[in-house]
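Note sheet for the following structure.
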């Protein structure tokens, strides 16, 4: 089984980190690969950058289909391009946000997303609506630029922890979702300090992808996620 | 006041038609322009084509900002790229779908969208959720390829009318929203035959845009729709 | 085109102020008139006063129909009598609350109403439900008697501003809706001080009314908003 | 204990019938009275007539307060004037629609309203939203003029039964709510024929009113339903 | 008429107290009985204990049916076993939580539940969803062990009052629901101190049960609440 | 890793079948066991039987904890006892219904449950609400007694297929969820005939359970799903 982790931004350091954490928990028979677009946005902190990211996602899924990829995990909070990817792929496509939310709903009654930067709260709320879990989850934003995480994940720990504690006290959160890809190194220390499950959507998404492939489930090609019309052509990005 | 109608697909015939219908109802002081991307999709009937369209919309808004455009109307059902456009624009950006839904809610208790092709029902439902009118509106799809409308709008009249009648009988619709840009020629004959208001979102969107500009309202730059981060660069499409 | 601003309360000073602000932004071809009932309530701060106001609204629409009015704007937060007015009128009837909410949804992701007095929060919530925007808008009340605004709008500025700042900080509001008619003089100074759009529903409602009339849209007479039964007689209020 | 059944329309035959059915099930210590306005609408089949009815309801509650009434039941489907009445009354005010919906929710998982005429579906949906039971109840309209029921309730039996059967088959209804006051004579025969509970909101409302009074519960005067402002004056209807 | 108050836990002191408060407000013709299971949980503060309680509820309803009981009130916040009881009973079954919520909705626009211990907030939210009143009610938990209430109800008064005041200030509550059975002695002092209605669901539930029986309404046996399949056998608990 | 499939009913043939289908797709390192209660209900087709099933589920989880089980899958549509099990277990507990719904939401825009018998539609709707996917899924019931499936799964194929086709045509379903445990043999033939994914929640649930365990996620013991109070004692069923 071949599963592809798609980093929709162009920052290679994130891709490397994603591959490492995902590979560590894949089952022996799973080949995990991780890719990123050559052009686009260095991080995705706005709708405009999401549009660039979606283009990259489509190109990487197109390549993945030719390479025999069985399922994809989109490793960007907000699940950039997930609907486009489902149209192009035969197999399942899982966004890290929806995977994290679904996992949270299985182990906690209420939970919170701590995302960054604050202007992207709307992106989380969009996925939250699509998953239907709006009445069990709150969204909180912290003021950390995504690219600062490139070299120093640990530095964001205290600010994430402080906001998570507010979520537990004010929103009755019983689990915390890390609202950014590439933070899996925070899972262990934060869950220890908070005393509640802390969820990284990329690793969960990988395991759910393995599960869907194992059960033979693929993206439905009936209506919404059918392949794009024959006239559709993906542009080459410069 | 300068208002720009953005056709997110590459079909010039639609753009021409949109300009004509919008210009016909603009107030004397309004300069209406209509644009389309040079590359992208000939019609937008999938999420994949929406992603291409969003890229074109961003480029046209960027150009519009340099040309002093005061407001934009996105003339594609599903409001392709509307959130991206709001980040780039200073003035208001109005999607034809949300404009049609808002107008419908002001003149009818319940209403229906008749859109095409059926696989795009999910796109209408997405906007319907964002406008909040899900409990007053149903979405129906008819099996007409968008590009067939390029030369012969009238041909779609009977199938649109038949579906609209079902909406009135089964969904209690009291007004009908045309779920595609460029169908404004159907408004008059269909409303005559059906006996209920028939709504074209592009012309309504133009008037709402004029209204917002007249009252001095611009896109809020606080948080969600702030300008994209400084590092953001729009690619040139080939 | 003739558009009638209806002030459902009996305070003439409000009517004068509404006419002034609405006239200032109407297009040259629009004749704006503003009316108020001879009897009823001096201000509308309870459901009981709303019922009196609705009676006045019906009488003014009845008179307006005979005078060839093309559309109506109801200038009372809570949209007193809007459903009754739609039954009596041929053309569109727009409540200032729904107009403000729709405008806000076009320029901001989240927004808040600051209304007065606090007991009328339920009235705002009623319209909020009807527009469907409950999950994007909060309602806050300030303790200012409506009639104190008759002579001194500016005095309410600081208390409105303070509550609006709370809405921005606690509710993530990106735009503010003024929850009372006759406060259009606050739009400019408050939006300057807050740095976000501040919305007066009366002026927006006027422009939306112009827009609906221009596109030929009238109130649907199919089912809900059909004319009242033949036996219906409006009483003369003493 | 004194409970007042308020018929918001001017048709005395309905009032007599309501008094009879309510008196029949009141407990010995309860004095039931039934009133109607001298002027207003002969039946309430539109929002415009609801506004007239609300005025009458306020006047009758005002009189009731002076006569020591402990609670009120509003006997018109749509609960005309219920919010106004709560502001004027000290004791509880119960609408027949909300009472019927609450009773239905206690004895069935899903249920349907069969109301008349069809244009008033919106009135039922308004109350349905306020009670929160929208996802357990559907609303169906039958084409019977209210006043035809004045002399011949039985004539509406077959059309009500036919629609109720559709509700059971298509909407999974397990109980039926009669969507008009004065139909209590249909309860017994229809429930026999349908095999499911058939609910008349007036009799249920009377019993709930007795119950609230017995437990000492009165309308909360904190905020929303506080007494109208001191300046409020009820007009004398001609 | 015979009405049975079911205490789903094994603490006899609660049962005695429930019988006393319910008997005090029953009408002369009503015989009130109160029962409790011989085995199960001493208090119900978890889902696990709810499951034990449901078993006891079923056994007590089975016995009640043989003893000619006309209706049941489940006297545990969370309405333990209410759906099971409806399947076994012919007459109505009313949970104290749903009764309290319905009563609150008839006398206040917004209200709050103050329940205990905090981990049971999810139980209240479950019933809140079923009644549909989620958007009018908040749920607050206080840290009082249920069994401490056995001998000293008054001791919980101050902590309940403090939380109720927060509900009034922060959640706009206009009435307070006591989120535990057996607290009816708090109704009078708390409503005096708070100035808003304070609601005990058991006494309200008794009155609603009397009302449903008086109007002839029984649990619908069509579909959801039909009697359990013939093979169903209730175990004897040791 | 040890995962326990819990069949809440007493029919051994189902347990055997569940073990076979789950074992077939588990990864090499996973030990799958399947258990059933010694007493309870032969099938779960009512709330009353669900209560018996919940008791059995608790006992099996208690035993599982002592045997070192890492996660549980509840193999009964409606997810009998899932909340109780989460309180008793350290590791994750997954209901087959929620697993199926989550999987469906990852591969299709809209989907339908086909469950049996029809009276259990309410059970599916309960889980549907908890997962939040009500607006993307419909529930349809077919009239097949569960126990008839014990020996002849294939016999239910045609009736399931017929109802699934209605779901595709009328509800726009793009995937079908089998609303009963033990039907995994229908997945392959039905998906072939229908042309859309057909989902068995037990096998998906097993894979999700493996995934959660692999990522180190356990049931949150903060608040709602904390262990039951110390006084809690599980009864021995006779």
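Chains as they are written, first to last, in UniProt numbering: chain A, 1 to 238; chain B, 1 to 238; chain C, 1 to 238; chain D, 1 to 238; chain E, 1 to 238; chain F, 1 to 238.
Built from N, CA and C at the ideal position, the CB exists for glycine as well.
Any non-hydrogen atom of the ligand ZN within 7 angstroms of residue i CB
i, result
"residue 217 of chain C", "This structure lacks the ligand ZN, and indeed carries no ligand of any kind."
Three-state secondary structure (DSSP) of residue i
i, result
"residue 234 of chain F", "coil"
"residue 164 of chain C", "helix"
"residue 65 of chain F", "helix"
"residue 94 of chain D", "strand"
"residue 53 of chain F", "helix"
"residue 112 of chain E", "strand"
"residue 175 of chain F", "coil"
"residue 157 of chain D", "helix"
"residue 140 of chain A", "strand"
"residue 198 of chain D", "strand"
"residue 20 of chain F", "helix"
"residue 218 of chain A", "coil"
"residue 118 of chain E", "helix"
"residue 131 of chain E", "helix"
"residue 145 of chain A", "coil"
7 angstroms Cβ shell around residue i - same chain, five flanking residues per side excluded
i, result
"residue 17 of chain D", "182"
"residue 53 of chain D", "8, 9, 40, 41, 44, 76, 80 and 81"
"residue 30 of chain C", "1, 3 and 210"
"residue 107 of chain E", "175 and 197"
"residue 105 of chain C", "133 and 136"
"residue 245 of chain B", "What the structure shows of chain B is the stretch from 1 to 238, and residue 245 of chain B is not part of that stretch, so it cannot be assessed."
8 angstroms CB neighbourhood of residue i in its chain, flanking five on each side removed
i, result
"residue 127 of chain A", "78, 79, 95, 97, 98 and 101"
Chain-ordered chain C contacts of residue i [CB-CB under 7 angstroms]
i, result
"residue 129 of chain E", "Within 7 angstroms Cβ-Cβ: nothing; residue 129 of chain E doesn't reach chain C, min ~16 angstroms."
Contact with chain G by residue i, beta-carbon distance below 8 angstroms
i, result
"residue 197 of chain B", "Any reference to chain G falls outside this structure, whose protein chains are A, B, C, D, E and F."
8 angstroms Cβ cut-off: residues of chain E touching residue i
i, result
"residue 48 of chain D", "Residues of chain E passing the Cβ test: none, with the nearest at roughly 25 angstroms."
Residue(s) in a DSSP beta bridge with residue i
i, result
"residue 72 of chain B", "B/4 and B/93"
"residue 35 of chain E", "E/6"
"residue 25 of chain A", "DSSP, once it has assigned bridges, lists no residue as partnering residue 25 of chain A."
Same chain only: Cβ atoms within 6 angstroms of residue i, ignoring 5 sequence neighbours per side
i, result
"residue 160 of chain A", "114"
"residue 138 of chain D", "112 and 171"
"residue 32 of chain B", "3, 22, 23 and 26"
Chain A contact residues for residue i, given Cβ-Cβ distances below 8 angstroms
i, result
"residue 87 of chain B", "46, 47 and 48"
Beta-carbon neighbours of residue i, restricted to chain A and to distances below 7 angstroms
i, result
"residue 55 of chain B", "51 and 55"
8 angstroms Cβ cut-off: residues of chain F touching residue i
i, result
"residue 121 of chain B", "172"
Partner residues on chain B for residue i, Cβ-Cβ distance less than 7 angstroms
i, result
"residue 133 of chain C", "132"
"residue 94 of chain C", "106"
Contacts that residue i makes with chain E (C-beta to C-beta distance below 9 angstroms)
i, result
"residue 8 of chain F", "Residues of chain E passing the Cβ test: none, with the nearest at roughly 12 angstroms."
Chain-ordered residues of the segment 162-190 of chain C with a beta carbon less than 8 angstroms from chain E: none
Proximal residues, the segment 11-42 of chain B versus chain F, C-beta separation under 9 angstroms: none
Residues from the segment 143-159 of chain E in contact with chain A, defined by Cβ distance under 8 angstroms: none
Against chain B: residues of the segment 214-233 of chain A by CB proximity under 7 angstroms: 223, 224, 226, 228, 229, 231 and 232
Cβ-based contacts, 8 angstroms cut-off: residues of the segment 52-82 of chain D near chain C: 52, 54, 55, 58 and 81
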